[in-house]
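Sequence positions in the sequence shown follow the working numbering and run 93 to 268.
Cβ atoms here follow ideal geometry from the backbone N, Cα and C, with glycine treated the same way.
Following: one structure in structure tokens, then a few remarks.
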Amino acid sequence: MLEMELKFKVDDFRDVELCLESRGVPPGDPVEENNLVLDMMGGPLRKMDTLFRLRNCAGGTLVTVKKPLPATALKVRHEQEALLECSQEEALKLFALLGYGVVYRYEKTRRECRIGDALICLDELWFGRFVEIEAQSEEAVMKAVEVLGFDPEDGIRFSYAALEKDAEQSRDSRDT
93 MLEMELKFKV
103 DDFRDVELCL
113 ESRGVPPGDP
123 VEENNLVLDM
133 MGGPLRKMDT
143 LFRLRNCAGG
153 TLVTVKKPLP
163 ATALKVRHEQ
173 EALLECSQEE
183 ALKLFALLGY
193 GVVYRYEKTR
203 RECRIGDALI
213 CLDELWFGRF
223 VEIEAQSEEA
233 VMKAVEVLGF
243 DPEDGIRFSY
253 AALEKDAEQS
263 RDSRDT
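What follows is the structure, encoded as structure tokens:
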């Protein structure tokens, strides 16, 4: 499956929530997500800009692999997902037998809804609040961007791992 996305950093979700509610699509209940990014020794997946992630979810563990595609105005990845009917801990043990280990871990609180064919995610992490817009077409993403009143030029194509690294560096430079 093709995944196209843009993220927007916001101070709070108030304006986005009002916009969504006025369209009759209020965000769903918050879900706490624990995400584990896996790789092998030496980081072969990182070197290929490939994400291998385990995410806790209702019914088990969602396994996701994302591979990059040529860059556009959006972050574009080929995404394949499968649900394992086991705990995240059990899934991690399975992949550890193949040589994979956790190289990055992040937690977020996510609320979701849809505008047309686009999934709208209100994500809260320790380093900020983000509205992530995902769809299988650039047109669907851009329509949602317009509906929500964002400027596409302000869109962020970086992963949460990269954004967290920047936040940690900013915090460390302030502390010194």
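Does the beta-carbon of residue i, which I'm using as the reference point, lie nearer than 7 Å to any heavy atom of the ligand MG?
i, result
"W218", "As presented, the structure is devoid of all ligands, the ligand MG included, so that no description of it is given."
Taking just the CA atoms, how far does residue j sit from residue i?
i, j, result
"I207", "P162", "26 Å"
"E95", "S265", "35 Å"
"M140", "D121", "35 Å"
"C205", "W218", "22 Å"
"D103", "E171", "29 Å"
"E181", "L143", "19 Å"
"R147", "N126", "6 Å"
I'd like the span of the alpha helix (DSSP H) that includes residue i, first residue to last.
i, result
"P136", "P136 to K139"
"D107", "R106 to S114"
"V237", "E230 to L240"
Please work out which residues of its chain come closer than 8 Å, Cβ to Cβ, to residue i, disregarding the five sequence neighbours upstream and downstream, and give them in chain order.
i, result
"G151", "L175 and E177"
In the DSSP assignment, find the unbroken beta strand (DSSP E) run with residue i in it and report its ends.
i, result
"C178", "Premise fails: C178 is in no beta strand (DSSP E) and is neither H nor E."
"E245", "No beta strand (DSSP E) contains E245, which DSSP labels as neither H nor E."
"D131", "V123 to D131"
"A227", "G220 to A227"
"F100", "L94 to V102"
Can you tell me whether residue i is buried or exposed, with buried defined as 16 or more other CB within 10 angstroms of its CB?
i, result
"A227", "buried"
"F100", "buried"
"E97", "buried"
"A254", "exposed"
My assumption, with CB atoms under 8 Å, is that residue i sits in contact with residue j. Please give the rounded CB distance.
i, j, result
"L166", "E245", "Not a contact, Cβ separation roughly 12 Å."
"A210", "K235", "7 Å"
"L130", "G193", "7 Å"
Please list, in chain order, all residues of the same chain as residue i whose beta carbon is under 6 Å from its beta carbon, the five residues on each side excluded.
i, result
"D215", "K200, R202, F222 and E224"
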